[in-house]
Amino acid sequence: MAEERPGTWYGFGFCGFGQALGSGRGRQVHSPEPLWTPVAGVDICRVSASWSYTACLTRGGRLELSGSASGAVGGCRDAWASEALLVLLRSRPGPGAELQGWAPGSVLRGEPLWSQTVESEAAGEHGSGGEAGARALPLLPSASAYVSPRPPFCRPLAPGFRARRLELGAEHVLLLDAAGQVFSWGGGRHGQLGHGTLEAELEPRLLEALQGLPMAEVAAGGWHSVCVSETGDLYVWGWNESGQLALPTRGLAEDGKPVGGEATGLPEEGSEVRAAGGEDGAPTPFIAVQPFPALLDLPQGSEAAHASCGSRHTAVVTRKYGQLGHKDTTSLDHPCRVEFFRDKQLPVEAVTCGPWNTYVYTVERRKS
Amino acid sequence: MAEGTRCSGDPLVGAGALGEALRALLPHTKEGLRLDLNEKVERSVVMLLQEAAELFYGGRRTECLQRSEVILDYSWEKLNTGAWRDVDKDWRRVYTFGCLLKAVCLCEAPGDATTVAAALRVCDMGLLMGAAILGNILIRVAAVLQMHLLSGKRPAQGPTLEQPNPKVSGTGLGSHRREWTPACGYPGSFTYAVLSPSCSADEEAGSGAGSHLWRWKARNDQVLAPDVELERTVPRLHCPSLEYFRKHFLVPQRPVILEGITDHWPCMKKWSLEYIQEIAGCRTVPVEIGSRYTDEEWSQTLMTVNEFISKYIINEPKDVGYLAQHQLFDQIPELKQDISIPDYCCLGNGEEEEITINAWFGPQGTVSPLHQDPQQNFLAQVIGRKYIRLYSPQESEALYPHDSHLLHNTSQVDVENPNLEQFPKFAEAPFLSCILSPGEILFIPVKYWHYVRALDLSFSVSFWWS
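See the structure below:
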């Protein structure tokens, strides 16, 4: 990276266990709040959020946990949080790194559930907040295997995959390779595999619908999938029951709740569903499951830069002004800008979602 | 307190008594609410359950309500992960726990009829998707709520309560009926999910079916004309002995209509639209919308029985709605007293508790496409008539079952309007048919293909046994 500018992480959403969203033990935070850091000026480079706790990793290698699991430890290069397992990649004397699986409740006290030495990635690839894609957990640095929260904890990938990024949904796996191809496998009942059926796939299967379109990023939600192409196009597929695909969903339309325009970024009573049909009043088909990737147009024709998925929501960072297009779990089935960042003129560089919340990395705009 | 028509906003008669009645059903202390859960349920969730119980017994209703919503949302996600039959039972118990607390918290303070109906709907969600806890406490809670809702109300009215409908949507790819598919939440994050286990998803062991039509017909035990025609009617018997049924129909796996069995079932005299509305009107049930479950437009949704009757039976329905394959009698024990389990079920291997009893209630014209089930079936007709066609498992090839795993027990052929260019062998497949009328029970052997169309407003009860 040419120049490392200091940035700030914000969070919003569910924090019922007191995990890092700035405002302590509450239930939800509706408006983005800066993440509290124990030491001022410390730069968090990666956030991995599980449902009841959040792990924040600083550039200095310090891991901070908040929520149902707490504590801090140093010497970490990467972290991945899930309810059943916290996976850490730690530096070790000598070559390689130490991969450790901890029970979240007993992290850093006692012994990990398991640990093994793994090959390390090439020096200099340590990503900043904006480059969270580079070989991050759950993909191992060697890209030859990935961690899973359920046994077997370490799962090899077939040789020949040059995996760049791997994401886990509730019952499926997405993989992005060096050539920009997307593979998926696992459960498919909600169309999350993108092969056009509801059948499961035991082995990685190439997404043929995306062939010829090199992808830059993939993100997996609970039962949906999102990818961003190198040219900034956004594709979505899988379950749309709460509008997480930004496609019209029956449940929201028939609620009788009015929906506002783009002005509100957040779940508010009194927001209107726009989706219920075109100008001519013709009924719009509702989509519960989208089994093939669908190209999603973002407002103002924005291009997508990054994407992350929660359990049932999706967050996208667009290129032009760094706004966040964000759908809330309870009321939006069209992309809605999170106005907070625009109001404060904070360009957004990265986003990562926990199951029920969203963390956003912003950078001060350089004054020209 | 005023009698007469109720509208939302009026406090219910004796609403303080409702809160008391509900609390009386619960354990006296929070220790009594503790669930024993296996290690699949994460520590964070166990903490949350304990916290919710403490809040409840500490009288902090609003906070307890909020926690129960979180419990419901999280366990709902677990219920939607993987195949229904693989969902760990303890997650369903967690879900039920959330329903219990939410329902009781909603009714703690005196509330209006809308609130009580909402609490009842929460109970029904727990009954549909959850698993029994505390001696199946939700049944008792539901009964108390139902009684409070009905007291003072004139019987047999149409739907009077306006509620937002929880919605369930199908996949549009003709999802297999028996595998419930996606649910939509409505705001307030109360959501629900996959419902009853797939009957046909469980695996069959071998072909099972013994000798078939043609071989049996070669013998002259019965007076059945040797048959070269394709269509024949299902034979009828009046109260055969267990042994006779076993020897001539169960063992050789032959369909038969049994008459006289249901003569003393109370349902034959008691059941009517009015009675059903009275007993079950305010209860939430799953309904299938669309002509048949193999259609793209087919979907599933949840609504009260009153809403179902009003929208899909009485008031010039625009769509076909079918309350199909629902274990109504587990949900509403009072209805179970109106039916009996046919004695012939004891000829099977399973226990009586394992017999699955389903209700099938809908208007004229509902269709179940040609399909097979992995258990023996007694289909009892209570109200109205059904046209039924039966094909032996031997004819499976001529019935062109779907390839996909989800629909492999369903034929691709539209029985009463077959595309013979696409499915030529179908034209030559022999079959049995009948019109099943009130008071009759049809024995459908395991894996026997069957197609059903309702000729009238119809209510059937099926017994799946092994």
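Same order as they appear, the protein sequences are chains U and G. Quick note on numbering: my numbering labels position 325 of the first sequence as 325, and the sequence is numbered without any gaps. Quick note on numbering: my numbering labels position 367 of the second sequence as 1367, and the sequence is numbered without any gaps. Beta carbons are placed, not taken as given, at the ideal position from N, Cα and C, and that holds for glycine.
Closer than 8 angstroms to the CB of G:Q1066 there is at least one CB belonging to chain U. Where G:G1098 is concerned, the enclosing alpha helix (DSSP H) starts and stops at K1089 to L1106. Taking a C-beta distance under 8 angstroms as the contact criterion, U:A307 and U:V226 qualify as a contact pair.
In this structure, the CA atom of G:S1075 is about 20 angstroms from the CA atom of U:Q192. According to the DSSP assignment, G:W1076 belongs to the alpha helix (DSSP H) that extends over R1061 to L1079.
For the stretch 61-82 of chain U, the residues whose beta carbon sits under 7 angstroms from a beta carbon of chain G are, in order, S68.
For the options U:A304, U:W356 and U:D78, the alpha carbon positioned closest to that of U:G61 is the one of U:D78. The beta carbon of U:E171 is closer than 6 angstroms to those of G186 and G187 in its chain, skipping five residues each way along the sequence. One Cα belongs to U:E349, the other to G:I1279, and the distance between them is close to 59 angstroms. Within the DSSP bridge table, the entry for U:F341 names no partner. In this structure, DSSP gives G:E1042 a state outside helix and strand, which the three-state scheme calls coil.
Taking 8 angstroms as the cut-off, the Cβ atoms of U:S144 and U:L157 count as close. By the Cβ-count criterion, U:A246 is buried, with 16 or more other Cβ atoms from all chains shown falling within 10 Å of its own Cβ.
DSSP, reduced to helix, strand and coil, places U:C15 outside both helices and strands of the structure shown, so it counts as coil. Per DSSP, reduced to three states, the secondary structure at G:T1115 is helical. Listed in chain order, the positions of the stretch 1041-1056 of chain G with a beta carbon within less than 9 angstroms of a beta carbon of chain U are E1042, R1043, S1044, V1045, M1047 and L1048. Of all residues in the stretch 1394-1424 of chain G, only S1404, H1405 and L1406 come within less than 9 angstroms of chain U when Cβ atoms are compared, listed by chain position. For U:R59, there is no enclosing beta strand (DSSP E), since its DSSP letter is neither H nor E. Per DSSP, G:D1403 lies in no alpha helix (DSSP H) segment and is marked neither H nor E. Proximity of U:A220 to chain G, defined by a Cβ-Cβ separation below 8 angstroms, is not satisfied. For G:R1085, the secondary structure class from DSSP, reduced to helix, strand or coil, is helix. Three or more beta-carbon pairs separated by less than 8 angstroms link the stretch 1261-1277 of chain G to the stretch 1332-1349 of chain G, which places the two stretches in contact. The beta-carbon distance between G:F1459 and G:F1361, rounded to whole angstroms, is 5 angstroms. This is short enough to meet the 8 angstroms contact definition. G:S1466 and G:W1449 have their alpha carbons spaced roughly 17 angstroms apart.
For U:D78, the uninterrupted beta strand (DSSP E) run begins and ends at C76 to A81, by DSSP. Among the CB atoms of chain U, none fall inside 8 angstroms of the CB of G:N1349. In terms of Cβ geometry, G:H1238 and G:V1285 do not form a close pair [threshold 8 angstroms].
In this structure, G:V1122 places its C-beta atom within 8 angstroms of the C-beta atom of G:A1103.
For U:P156, the enclosing beta strand (DSSP E) begins and ends at C154 to P156.
For U:A220, the beta-bridge partners assigned by DSSP are U:S225. Residue environment for G:G1016: exposed (fewer than 16 other C-beta atoms within 10 angstroms of its C-beta). As far as DSSP is concerned, U:G94 takes part in no beta bridge.
In the DSSP secondary-structure assignment, G:A1131 is not bridged to any residue. Per DSSP, reduced to three states, the secondary structure at G:V1141 is helical.
Taking 8 angstroms as the CB threshold, U:W114 stays off the interface with chain G.
Residue-level contact by beta carbon fails for G:V1094 and chain U, as no gap is shorter than 8 angstroms.
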